[in-house]
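Novice:
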DNA sequence: TATGAATGAGAGTTCATTCAT
DNA sequence: TATGAATGAACTCTCATTCAT
């Protein structure tokens, strides 16, 4: 419930209004649009209206910016998922909640950062990758718990690990084709995904 | 049947034994492993045992190499899909054939090039993207035709365009987690994917 | 006698207890250890526990700090030499007094600043170099007078200007190898230097 | 005798006519004149008439240039000292030979590089310092052997290690004041240094 | 065709200095 | 006085590309 508020208070998620927060949002956008390597520090600085040298008052290196984008995103979505799970009463509700939540993350405000998380993985140094992996494991734990519960309730069949992986690909790929201005809402998309998973 | 042989004969797909062919294979590997931007022309040259300047006797620019990897890959997999479809008698067989064929492409010999096709898209200039998109449309046409046929036969339900897109993500994502040395074969993976799609 | 006290009173040598004085001492240390160019204003500020911007309330520029270190050092050692000379009755005593005094300067509390004076000379702008050179001439005058007197007394032979220059190099170089915790005292070192110079 | 020729043949000392050799000579000059830190890679490139990027075809980094200057210099002077020692029949001759040889090194063609060796020591990374130190030990070994022999022959008195250190400083310092166009030749300077050392 | 030295634009980063608070 | 975010020029280094050999 208070998970998200707590993260912000602890400073683990930067206030989006702050200079640092605005830079991270712009960085997610540019990294997604042009790729991390093709985005220059000068691009980043210009996007928030400062000089290139000033970037280094907020981050020690360009890679630190990439890391911060990834880390804050995964912390954020994990907290949102926990909140969503708490408010869903049945296994089916919880499954739908996760689908909706992940789609909202991919397609909504944090969508660009989520895409960066997937596409710019190799640009992160190994030690940094390990740090993110730890956070990712917590997030994936929520999914596996919920899918296992759904399988026990007879909602889904087959190997839940494989199922989750199919879902990861299918849902993250939506960023490449889903258009919010089209005829389908995110809620409907989540329903379509539920149909894919649930055998009744 | 003779589609692939024809492409090679026409020179649209390079002989993998030739100097150019070996360079393309190594390029796919390096682009996948390190990313296009982080792979230098020197890396590419060294991987086939020549000097960096000599690369430009085979390709006009680094981007040309990326384009060639992508173009040849999509030509190759389209030809393979056509061959597979011709040998499958029923709608269900044809659906399974496509799943198997796409998974084999992603996870087999051309897997690295397929990954490059997905992950390095933004490194291609727009005119080049358009060229690849035309080829991709042909490939996707095969999928949509087959899925439509399956829907008419009552095999699958829902919007086939959405279904294909869910599948694109789910199958291409396998490259990140599937281990050939594990307990599951690619054939079994294709079966699992079929279960996901087909409602009986 | 009262030379040193007078300089402090006049404000030409900064009170080492003051903020400015502590900064100069730390600066001498850092400049010696890392070199002037490699020492950042941030390093200097951090060494006295203030922020980098605050440095410029005490000094107009980084070069001013270097200049102050050099100027105060040469003023200080000149004053000490004058005092030492006044208390030495014979030419031989006076020669030993200078040797002892210069060695104490190089190896003692002002040693780091003396090293900076030698090693960071080129980092000073030409007008500033000229200012220091004037002070240096006064200092060297004391040496030449004393050596000339020693030569007239038959203590030393040869060209006193050349002799002084040999000595300058020999004594300043001690900073690189002399260890106070070793078996030789500075007094003994001064004696060794005297043996080098005096032919009896 | 053939020591120097051998070093050149082995490629441990670069041919001064080659691009690399000319760069090293210019680097020694600039490093001495402006200091290593204040000399930019662009300065170095311009001094031999190439573009800044081209420097990195010859050296991997700016520090590599500094290292090469130091290493080649100490190899060169060690070889020259060995040759000079072989041709000197008596202990006194050998002592004079070393004095002359070191002065020629400091004041002659390699003088700038020798100065760099002394003044830019801190700009070298520690592993590189260790490499140079090993070479320096060989060089200093020649001095200590010759001084010990001279002491056994009654030519010099006192601690030869301290004596060598006084000499190091005195001789290297000549670079700051000796003018070849003045009235004193290097040979006479070597004689003056011998008078300083030898007690007859 | 192959080489490899050279190019030169542009990358990430540093840092003395300024200035509103 | 002190702060610390911001500046902006300059730094070392990278790299796709060219070209004389």
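Residue numbers (this note's numbering), protein chains in the order written: chain A, 234 to 433; chain B, 234 to 433; chain C, 234 to 433; chain D, 234 to 433.
By construction, the Cβ of each residue, glycine as well, lies at the ideal position given by its N, Cα and C atoms.
Among C:337, C:313 and C:348, which has the Cα closest to the Cα of residue 260 (chain C)?
Specialist: C:348
Novice: My output table needs one value for residue 234 (chain C): the three-state DSSP class, helix, strand or coil.
Specialist: Confidence is the limiting factor: at residue 234 (chain C) the pLDDT is only 47, short of 50, which leaves the residue's position unreliable, though a coordinate-based value still follows. Three-state DSSP puts residue 234 (chain C) in coil, outside helix and strand.
Novice: Is it right to say residue 234 (chain B) is buried, meaning 16 or more other beta carbons lie within 10 angstroms of its own, or is it exposed?
Specialist: With a pLDDT of only 47 at residue 234 (chain B), under 50, the local geometry of the prediction cannot be trusted, and no value is derived from it.
Novice: Let me check understanding here. Comparing Cα to Cα, which of B:387, B:369 and B:391 lies closest to residue 421 (chain A)?
Specialist: B:391
Novice: Around the Cβ of residue 324 (chain B), are there at least 16 other Cβ atoms within 10 angstroms (buried) or fewer (exposed)?
Specialist: buried
Novice: Taking 8 angstroms as the threshold (beta carbon to beta carbon), is residue 270 (chain A) in contact with chain B?
Specialist: yes
Novice: Just to confirm, is the Cβ distance from residue 365 (chain D) to residue 303 (chain D) under 8 angstroms?
Specialist: yes
Novice: Report the rounded CA-to-CA distance for residue 371 (chain A) versus residue 318 (chain A), giving the unit in angstroms.
Specialist: 14 angstroms
Novice: Enumerate, from N- to C-terminal direction, the unbroken alpha helix (DSSP H) stretches of 4 or more residues contained entirely within the segment 246-318 of chain C.
Specialist: 252-267 and 274-280
Novice: Just to confirm, does residue 306 (chain D) get its C-beta within under 7 angstroms of one of the non-hydrogen atoms of the ligand GTP?
Specialist: No copy of the ligand GTP occurs in the structure displayed, which carries no ligand at all.
Novice: Evaluate the contact criterion for the segment 289-301 of chain B versus the segment 411-426 of chain A: three or more CB pairs, one atom per stretch, below 8 angstroms.
Specialist: no
Novice: Report the option in D:409, D:373 and D:341 whose CA atom is closest to the CA atom of residue 352 (chain D).
Specialist: Here the closest residue by C-alpha is D:409.
Novice: Name the residues in the segment 245-268 of chain D whose C-beta lies less than 7 angstroms from a C-beta of chain C; which are they?
Specialist: 267 and 268
Novice: Is residue 398 (chain B) close to chain A? Criterion is C-beta to C-beta, closer than 8 angstroms.
Specialist: Yes - at least one Cβ of chain A is within 8 angstroms of the one on residue 398 (chain B).
Novice: Contact defined as beta carbons within less than 8 angstroms: I believe residue 388 (chain B) pairs with residue 328 (chain B). What is the distance between those atoms, to the nearest angstrom?
Specialist: 7 angstroms
Novice: Would you tell me roughly how many angstroms separate the C-alpha atoms of residue 265 (chain C) and residue 316 (chain A), rounded to the nearest one?
Specialist: 58 angstroms
Novice: When you compare each of C:310, C:322, C:361 and C:406 to residue 342 (chain C) by their alpha carbons, which one comes out closest?
Specialist: Ranked by Cα distance from residue 342 (chain C), the first of C:310, C:322, C:361 and C:406 is C:310.
Novice: I need the DSSP call for residue 358 (chain C), collapsed to helix, strand or coil.
Specialist: coil
Novice: What distance in whole Å lies between the Cβ atoms of residue 423 (chain C) and residue 340 (chain C), which are believed to be in contact at a cut-off of 8 angstroms?
Specialist: That belief does not hold up - the Cβ atoms of residue 340 (chain C) and residue 423 (chain C) are roughly 10 angstroms apart, past 8 angstroms.
Novice: Give a yes or no on whether the C-beta atoms belonging to residue 393 (chain A) and residue 384 (chain A) are separated by under 8 angstroms.
Specialist: yes
Novice: What is the C-beta distance between residue 271 (chain B) and residue 267 (chain A), in whole angstroms, given that I count them as a contact (C-beta under 8 angstroms)?
Specialist: Incorrect: roughly 15 angstroms between the Cβ atoms, too far for contact.
Novice: Mind checking if residue 234 (chain A) is an interface residue toward chain B, Cβ cutoff 8 angstroms exclusive?
Specialist: Because residue 234 (chain A) carries a pLDDT of 48, less than 50, the predicted location of this residue cannot be relied on, and the following value inherits that uncertainty. Residue 234 (chain A) does not count as touching chain B.
Novice: Within a Cβ cutoff of 7 angstroms, which residues of the same chain sit near residue 346 (chain B), ignoring the five residues on either side of it in sequence?
Specialist: 261, 302 and 306
Novice: Candidates C:237, C:400, C:386 and C:283: which alpha carbon is nearest residue 326 (chain C)'s?
Specialist: C:386
Novice: Does residue 428 (chain D) come out as helix, strand or coil in the three-state DSSP assignment?
Specialist: Residue 428 (chain D): helix per DSSP, three-state reduction.
Novice: How close, in whole Å, do the beta carbons of residue 350 (chain A) and residue 404 (chain A) come, if the pair is a contact with beta carbons under 8 angstroms?
Specialist: That pair is no contact at about 13 angstroms.
Novice: Label residue 398 (chain C) either buried or exposed according to how many other C-beta atoms from any shown protein chain fall within 10 Å of its C-beta, with 16 as the threshold for buried.
Specialist: buried
Novice: Which chain C residues are close to residue 405 (chain D), counting only those with a beta carbon under 9 angstroms from its beta carbon?
Specialist: 402 and 406
Novice: So that I know if they touch, is there some Cβ in chain D lying closer than 8 angstroms to that of residue 356 (chain C)?
Specialist: yes
Novice: Can you look up residue 348 (chain C) in the DSSP assignment and give me helix, strand or coil?
Specialist: Three-state result, residue 348 (chain C): helix.
Novice: In angstroms with no decimal places, state the Cα-to-Cα distance between residue 252 (chain C) and residue 275 (chain C).
Specialist: Between the alpha carbons of residue 252 (chain C) and residue 275 (chain C) lies a distance of about 16 angstroms.
Novice: Can you tell me whether DSSP reads residue 402 (chain D) as helix, strand or coil?
Specialist: helix
Novice: Among residues of its own chain, excluding the 5 on either side of residue 278 (chain C), which ones have a beta-carbon nearer than 7 angstroms to its beta-carbon?
Specialist: 284, 285, 287 and 288
Novice: Let me confirm a value: residue 291 (chain D) is counted as buried when at least 16 other C-beta atoms fall within 10 Å, else exposed. Which label applies?
Specialist: buried
Novice: Hey, out of D:429, D:300 and D:237, whose CA is closest to residue 358 (chain D)'s CA?
Specialist: D:300
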